[in-house]
Structure formats: C-alpha cells, structure tokens
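Residue numbers (the working numbering): 261 to 364.
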C-alpha cells in the first residue's frame, strides 16, 4: 500500500531548522504587488534592496485558536517563483481548511 501523503502542513527550512506550518493556521500571505509596502516592517524594507521587493512574501500565522500570531518572511528566487508560490499556497490553504471542517 502507498503511504498516505499529509497535505495539511507545509515545512519551510531556515537556518538549518524546520518551520512546520499547519496550512489551516495560515491566515494570509502578503506581497508588495498586491498589498503594498505597509504590509511589511519598514526595518525589513530598509535592509532589502528595492529590486528584490517583487520576490518578498509575508506569511501570517495564527497559533492555538487565535491566541498567538506571528509572521515570517521569505524571499523567493524570482518574481515568477513568488507568484507561483502565492497561487499554490492559497489553493492548499483553502483545501486544508475545507478538510479540517469536514466531519471524520
């Protein structure tokens, strides 16, 4: 039998650590093209060259039923990769939320 794939979470690697993110906890994904610079901390934009802003994403997560939230930031390799990631992650989150709300 084939192993069952778990599509309920995504794992990012940063500085040698895994960041496990349940897709249903991902509240929003921001990019400068759609959300403007106000969705990003000025400190980050000050250190990141403006020519890289079109590759920047902010993922906003809520943990423990809304008690704690945090954002993390990622820089994709190209603007096209950012757009592909954005479209894919939004679709996966919608699927995860619909599966989470289904009775077992």
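Glycine included, every Cβ here is placed at the ideal spot set by N, Cα and C.
A quick note: this is a predicted structure, and the numbers were derived from the prediction, not measured.
Whole-angstrom C-beta distance between residue 316 and residue 331, which should lie under 8 Å: Contact flag wrong, Cβ pair sits at about 12 Å.
Start-end ranges of the alpha helix (DSSP H) lying completely within the segment 262-336, minimum 4 residues: 292-295 and 302-307
Buried or exposed, going by whether 16 or more other CB atoms sit within 10 Å of the CB of residue 306? exposed
Using the Cα positions of residue 353 and residue 282, report the straight-line distance between them to the nearest angstrom. 9 Å
Count the other CB atoms, across all protein chains shown, that sit within 10 Å of the CB of residue 293; report buried if there are 16 or more and exposed otherwise. exposed
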